[in-house]
Amino acid sequence: MTKLELRDVCPRDGLQDYGPEVPTELKAELVRRIHAADVRSIEITSFVSPKAVPQLADAAELLRLLPPERLPGTVRSVFAASRSGVERALAAGVDEISTTVPATDGMTQANFRRDRDAMLDEVVAMRPEIAAGAQSSVTIAVAFGCPFDGPVSADTVLALASRLAEAGYERILLGDTVGVGNPHQVSRLVSRLRSELGSVTLGAHFHDARGVALANVIAAVDAGASMVDAALGGLGGCPFAPGAAGNVATEDVVWALHDLGFDTGVDRAAIIEAANWLADALAVPLRSRTPRARRFEWEDDPVHARS
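In my numbering, the protein residues as written are 574 to 880.
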């Protein structure tokens with residue numbers, strides 16, 4: 574099986590748009606249950622302004638509950654969008670800092686109150702500071718279309734990705750923030766980036782507004798992406814992007830990719846148990862389908878996985 578990195582972003586991206594306040598200990602339990610399902614990359618929280626995202630104001634406290642020894646073998650990732658956020662994240666002792674550059678001015682203004690080029694300059698300046706204490710990844714948001722500025726060209730995305738790679742970012746993800754991409758677009762864009770960016774790790778971060786996010790994930794990995802973001806239960810959204818639906822669901826991604834011959838390392842039964850726990854703990858309906866699907870004994874036969 575081809576090995577892929579699956580990063581569960583539910584504790585950060587899944588909860589940042591969730592209305593009721595979630596107790597810090599419950600967030601910690603969510604992370605522990607994701608880890609117990611053998612997910613070894615988890616985006617735990619965000620170091621941004623608590624005024625902008627009050628749901629994640631407890632970032633430092635949450636990380637104190639989740640030291641490395643509680644999550645052995647796991648990359649504890651957090652999000653930051655400024656050098657001050659990077660400083661606070663490093664002080665908390667994280668393994669990875671993820672960040673973003675939207676592909677359009679409209680989305681950047683809505684999210685970060687600056688134009689895209691200024692945000693790009695900030696993210697480029699952050700790279701050496703991150704490198705002093707953690708690994709890094711960056712997502713090009715609204716890579717397939719923007720709720721404010723409309724369609725986004727492949728040339729625009731390639732130019733941004735090239736600048737980020739030159740700055741030293743070795744893990745670059747394409748973000749379909751409002752779920753407007755389709756598998757043909759995804760395949761063409763990932764193939765082009767794979768061809769032109771050399772050894773950079775390419776990833777996919779897809780939201781599921783129209784029910785094609787899982788197909789887009791498959792198109793991305795078939796075209797050469799080796800990292801996938803997903804959120805337990807399909808939770809998520811973006812408080813600054815009208816139309817942003819939940820993320821593609823971790824449990825659906827894990828089961829689909831396994832059957833296609835890709836190895837995420839995730840325990841398929843345990844990730845469903847974690848999703849069902851999440852639904853009960855937050856009193857939310859799951860957006861995924863796998864937990865409701867009938868499971869057949871022959872699905873555990875390794876011969877069943879198709880390459």
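Ideal placement from N, C-alpha and C gives every residue a C-beta, glycine not left out.
Query                                                                                                      : Result
For aspartate 749, three-class secondary structure by DSSP                                                 : strand
Alpha-carbon to alpha-carbon, alanine 698 and leucine 830                                                  : 36 Å
Contact check, valine 801 vs glycine 834, beta carbons under 8 Å                                           : no
Residue environment, histidine 757, which counts as buried when at least 16 other CB atoms sit within 10 Å : exposed
Of the listed residues Tyr742, Asn684 and Arg761, nearest to glycine 702 (C-alpha basis)                   : Here residue 702 turns out to be glutamate, not glycine, going by the sequence shown. Minimum Cα distance to glutamate 702 is reached at Tyr742.
Short Cβ contact (8 Å threshold) for alanine 803 with asparagine 820                                       : yes
Glutamate 743 - DSSP class collapsed to helix/strand/coil                                                  : coil
Contact check, valine 696 vs valine 667, beta carbons under 8 Å                                            : no
Backbone CA spacing between glycine 679 and arginine 736 [nearest angstrom]                                : 20 Å
Status (buried if at least 16 other CB within 10 Å, exposed otherwise) for serine 880                      : Residue placement at serine 880 cannot be trusted, given a pLDDT of 45 that sits under 50; what the coordinates show is reported in the next sentence. Flag for serine 880 reads exposed.
Helix, strand or coil at glutamine 708 [DSSP, three-state]                                                 : strand
As assigned by DSSP and simplified to three states, the class of serine 619                                : strand
Threonine 729 Cβ short of 7 Å to the ligand MN heavy atom set                                              : Of ligands this structure carries none, so the ligand MN is not represented either.
Of the listed residues Ile615, Pro593, Leu603 and Ile607, nearest to valine 626 (C-alpha basis)            : Pro593
Backbone CA spacing between isoleucine 607 and alanine 847 [nearest angstrom]                              : 6 Å
As assigned by DSSP and simplified to three states, the class of methionine 574                            : coil
Integer Cβ distance of glutamate 669 from serine 650, believed to fall under 8 Å                           : 4 Å
CB of valine 839 within 8 Å of CB of aspartate 586, strictly                                               : no
Glycine 754 - DSSP class collapsed to helix/strand/coil                                                    : coil
Distance, leucine 762 Cα to threonine 618 Cα                                                               : 29 Å
Lysine 624 versus Gln589, Glu616 and Val595, residue with shortest Cα-Cα distance                          : Gln589
Whether alanine 852 touches glycine 806 by CB criterion (8 Å)                                              : yes
Minimum length 3: unbroken beta strand (DSSP E) runs contained in the stretch 598–663                      : 614–620 and 648–653
Opening and closing residue of the beta strand (DSSP E) in which phenylalanine 685 lies                    : Unbroken run through phenylalanine 685 is the alpha helix (DSSP H), 678–685; no beta strand (DSSP E).
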